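**Q** Chains as they are written, first to last, in our numbering: chain A, 1 to 133; chain B, 134 to 737.
Pasting the structure below:
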């Protein structure tokens with residue numbers, strides 16, 4: 001369990017409406033500091049600038065889907081160790097298992113309830129193993 | 134046609150007759166011939182007995198006054214005794230049930246009786262011949278000659294028997310003659326054995342004639358029997374053949390009618406793949422007139438795109454090799470006008486009894502439209518699952534945020550309306566999810582991800598997850614008794630879905646303030662989860678279709694409390710996919726118990 005409670009969250013999602021709702025939920029209910037990104041192509045740059053503690057990736061996005069973006073993140077030193085949570089509507093159990101084995105911190109299924117979303121994120125945050133030692 | 138002995142046999146009891154018939158079949162032929170001879174010998178006995186009595190009586194009368202009376206009476210006594218014995222023997226033979234099997238024994242007894250009879254006459258000749266009157270000597274000589282010669286027809290069926298009998302009659306007499314001291318008598322005594330031998334010779338010849346006669350009769354009888362059986366069998370086969378021919382004709386007509394009127398295309402091909410005949414449906418489907426096909430007999434390749442001809446030749450060769458029917462073969466077939474249809478073919482080689490392919494029947498069903506429909510259905514399902522759910526997520530999410538109050542307190546009327554909007558949005562989403570589940574289940578695309586899990590922990594989790602339903606319908610979820618630490622092999626997500634369905638149903642139908650109980654029961658190799666409510670129960674008329682699709686006892690409930698009517702249908706299918714069983718029963722004092730059983734995971 002990380003020493004600090006969760007503060008900064010970055011969310012990559014192509015649907016503008018969902019972005020709006022999630023931002024509102026995380027800020028108003030969760031009291032997090034939130035950065036939302038609409039274009040996955042610039043997401044990694046945005047993360048470098050924002051320095052989130054946790055990243056949420058939408059599974060299906062035009063241009064680059066969540067898993068691909070995740071694999072790209074693993075190649076960039078600044079963001080490679082960030083815990084990642086996938087938001088997914090129809091991933092098969094097999095694909096999810098594959099992602100978990102790659103090191104994804106968790107998954108939240110879509111449609112989710114904005115009321116419960118902050119709580120779900122905090123639970124995942126608490127399950128993340130703390131820094132060694 | 135059988136041996137004569139079979140006629141009285143027929144009067145015997147049926148099983149015995151059957152047993153004898155079997156025995157008869159198994160008997161060798163000589164045995165039957167012997168039996169026939171014995172039968173012949175015994176058939177002469179009554180006459181012999183009667184004559185013996187008459188001649189014996191005359192002889193007794195003639196000798197009574199001139200010979201020692203006691204001796205004559207003794208002899209007469211012997212005649213009566215032997216006659217009685219022969220009569221008894223004859224009766225015994227008549228009553229015998231196995232004359233064929235015991236023929237040799239009966240022959241032996243007859244020989245003994247013949248010997249006794251002959252010896253008695255021989256005794257008379259020897260004892261009474263030395264007499265005072267020549268007339269009586271003539272009488273006796275005449276008597277013995279007659280008695281001896283009468284033996285020829287009587288015992289002709291067995292010459293050794295005659296030889297025995299006649300020897301017993303004449304040899305003592307010849308002995309007496311030879312020792313009488315009279316030259317004439319000595320001469321006669323020499324002649325007697327000669328006559329005897331001549332008679333035995335005649336008997337032997339007669340016996341041969343009898344024997345071959347019987348053999349002939351048997352051979353003829355067997356022939357006739359065989360002929361009759363053969364005739365009957367032929368007749369039967371003719372009738373069967375005729376019936377078979379009629380059936381073949383009828384089914385041929387039926388088949389032709391089936392093929393002609395069938396809604397699927399039927400092609401008859403020869404072993405080289407040339408079309409011999411096509412039916413009406415094929416004519417319509419491919420645009421080739423049947424009479425043109427019947428005269429031209431084109432290759433079936435006219436229904437295959439040229440670029441696939443090489444592939445077709447290979448598959449055709451395989452078919453000729455395997456001679457096994459091929460089913461569900463999907464082929465894109467060009468029509469005569471150049472358009473294409475997709476057909477599903479069943480191809481059946483016709484193989485004759487020598488194993489040669491004499492033809493091939495191909496039945497094709499036009500599935501062009503079905504494939505289009507399948508494609509449309511897939512597209513629709515995909516639209517439902519993504520394009521409909523995405524906007525719904527935004528709508529419901531927005532309403533939830535508004536209703537949560539984090540954006541500020543709402544006017545009561547507005548809050549009521551946004552509440553209505555959120556609830557109905559949720560209902561729409563539930564319906565879409567349920568329809569997708571049903572679609573997945575029916576198309577076989579629902580993949581189970583079974584894992585070994587603790588059922589008690591899963592039950593606790595489901596109670597936490599579904600707290601919302603309890604709060605909304607103002608009921609309590611309670612655990613009845615203890616949760617058992619049981620492991621099952623099941624899909625976690627899908628099992629939670631089942632629990633949610635059953636718990637939400639129970640909450641929905643319970644009166645406010647009541648408790649919904651969850652009970653775990655150990656059932657040896659299975660474990661049962663039961664969810665008990667105090668609701669109104671399941672109406673009798675609804676029980677049969679409760680697990681059917683869109684099944685709701687009272688559709689007004691849907692409007693009040695939500696639900697799609699698909700939940701229990703999905704639960705049933707899910708539980709069955711996990712090798713379980715789902716059911717329900719009415720509770721005492723009102724309410725319903727829904728339960729499902731799952732096999733326990735065998736821990737090793």
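Note that beta-carbon positions come from the ideal geometry of N, C-alpha and C, so glycine has one too. None of these values were measured; they are calculated from a predicted model.
Measure from the C-beta of residue 530 of chain B to each C-beta in chain A and report whether the shortest distance is under 8 Å.
**A** For residue 530 of chain B, the answer is yes, since a Cβ of chain A falls inside 8 Å of its Cβ.
**Q** Over what stretch of residues does the beta strand (DSSP E) that includes residue 56 of chain A continue unbroken?
**A** Start and end: 54-58.
**Q** Here's the rule: buried if 16 or more other CB atoms are within 10 angstroms of the residue's CB, otherwise exposed. What is residue 129 of chain A?
**A** Under this definition residue 129 of chain A is an exposed residue.
**Q** Shorter than 8 Å from the beta carbon of residue 533 of chain B to some beta carbon of chain A?
**A** True, the Cβ-Cβ gap to chain A drops below 8 Å.
**Q** Using a C-beta cutoff of 8 Å, does residue 622 of chain B count as contacting chain A?
**A** So, not an interface residue.
**Q** Using a Cβ-Cβ cut-off of less than 7 Å, list which residues of the segment 20-35 of chain A approach chain C; keep chain order.
**A** No chain C appears in this structure, whose protein chains are A and B.
**Q** Residues bridged to residue 410 of chain B by DSSP?
**A** Answer by DSSP bridge pairing, in chain order: B:401.
**Q** Tell me the residue span of the beta strand (DSSP E) that contains residue 728 of chain B.
**A** Note, residue 728 of chain B: beta strand (DSSP E), 725-732.
**Q** Give a yes or no on whether 8 Å exceeds the smallest Cβ distance from residue 18 of chain A to chain B.
**A** Output row for residue 18 of chain A: interface = yes.
**Q** Between residue 525 of chain B and chain A, is any beta-carbon pair separated by less than 8 Å?
**A** Chain A, which has a Cβ nearer than 8 Å to the Cβ of residue 525 of chain B, makes this yes.
**Q** Could you give the C-beta distance for residue 54 of chain A and residue 83 of chain A, rounded to a whole number, given that I count them as a contact under 8 Å?
**A** About 5 Å; that satisfies the 8 Å criterion.
**Q** Just the chain B side, please: which residues come within less than 9 Å of residue 110 of chain A by C-beta, in chain order?
**A** In chain order: 522, 523 and 526.
**Q** Is residue 106 of chain B helix, strand or coil by DSSP?
**A** The question about residue 106 of chain B has no answer here: the residues shown for chain B are numbered 134 through 737.
**Q** Using the Cβ count rule (16 or more neighbours within 10 Å means buried), how would you classify residue 118 of chain A?
**A** That one is buried.
**Q** Span of the alpha helix (DSSP H) holding residue 446 of chain B?
**A** Residues 442-455.
**Q** Would you kindly report the start and end of the unbroken alpha helix (DSSP H) that includes residue 526 of chain B?
**A** Run containing residue 526 of chain B: 522-537, per the alpha helix (DSSP H) assignment.
**Q** Would DSSP call residue 547 of chain B helix, strand or coil?
**A** Three-state result, residue 547 of chain B: helix.
**Q** Could you tell me whether the segment 255-264 of chain B touches the segment 215-233 of chain B, where touching means 3 or more Cβ pairs closer than 8 Å?
**A** The answer is no - the segment 215-233 of chain B does not touch the segment 255-264 of chain B, with fewer than three Cβ pairs under 8 Å.
**Q** Note down the Cα distance separating residue 611 of chain B from residue 647 of chain B, rounded to an integer number of angstroms.
**A** For residue 611 of chain B and residue 647 of chain B, the distance between alpha carbons rounds to 10 Å.
**Q** Hey, does residue 123 of chain A have any beta-carbon neighbour from chain B nearer than 8 Å?
**A** Not closer than 8 Å to any Cβ of chain B, the Cβ of residue 123 of chain A fails to qualify, so no.
**Q** So for residue 257 of chain B, helix, strand or coil by DSSP?
**A** If DSSP states are grouped into helix, strand and coil, residue 257 of chain B belongs with the helices.
**Q** Go ahead and pull the three-state DSSP assignment for residue 209 of chain B.
**A** Three-state DSSP puts residue 209 of chain B in a helix.
**Q** Looking at residue 254 of chain B: is its Cβ nearer than 8 Å to the Cβ of residue 277 of chain B?
**A** For residue 254 of chain B and residue 277 of chain B, yes; Cβs fall inside 8 Å.
**Q** Of the residues B:163, B:270 and B:251, which one's Cα is nearest the Cα of residue 199 of chain B?
**A** Nearest option by C-alpha distance: B:270.
**Q** Is it the case that the segment 321-333 of chain B contacts the segment 370-377 of chain B, given that we only count it when at least three CB pairs across the two stretches are under 8 Å?
**A** Too few Cβ pairs lie closer than 8 Å, so no.
**Q** Exposed or buried, what is residue 207 of chain B when buried is set at 16 or more other beta-carbons lying within 10 Å of its beta-carbon?
**A** Its Cβ having fewer than 16 others within 10 Å, residue 207 of chain B is exposed.
**Q** Quick check: is the beta carbon of residue 114 of chain A nearer than 8 Å to any beta carbon in chain B?
**A** Interface residue, yes.
**Q** When we look at the beta-carbon of residue 513 of chain B and count the other beta-carbons within 10 Å, is it buried (16 or more) or exposed?
**A** It is exposed - the Cβ of residue 513 of chain B has fewer than 16 other Cβ atoms within 10 Å.
**Q** Are residue 63 of chain A and residue 41 of chain A close, meaning C-beta to C-beta below 8 Å?
**A** The answer is yes: Cβ separation under 8 Å.
**Q** Under the DSSP definition of a beta bridge, which residues are partnered with residue 496 of chain B?
**A** Answer is B:399 and B:479.
**Q** Which residues in the same chain as residue 585 of chain B place their Cβ atom closer than 8 Å to its Cβ, once the five residues preceding and following it in sequence are excluded?
**A** For residue 585 of chain B, where only same-chain residues beyond five positions count, the Cβ hits under 8 Å are 620, 621, 622 and 734.
**Q** Return the chain-ordered list of same chain residues with a C-beta closer than 7 Å to the C-beta of residue 393 of chain B, the five sequence neighbours on each side being excluded.
**A** 412 and 413.
**Q** Between the Cα of residue 521 of chain B and the Cα atoms of B:506, B:558 and B:389, which residue gives the shortest distance?
**A** Nearest option by C-alpha distance: B:558.
**Q** Check distances from the C-beta atoms of the segment 44-58 of chain A to those of chain B and list, in chain order, the residues that come in under 7 Å.
**A** Under the 7 Å Cβ criterion, the segment 44-58 of chain A contributes no residue.
**Q** So with CB distances below 9 Å, who are the chain B contacts of residue 89 of chain A?
**A** The contacting residues are 518, 519, 522, 523 and 526.
**Q** Less than 8 Å between CB atoms is the rule here; does residue 384 of chain B satisfy it with respect to chain A?
**A** No - not a single Cβ of chain A is within 8 Å of the one on residue 384 of chain B.
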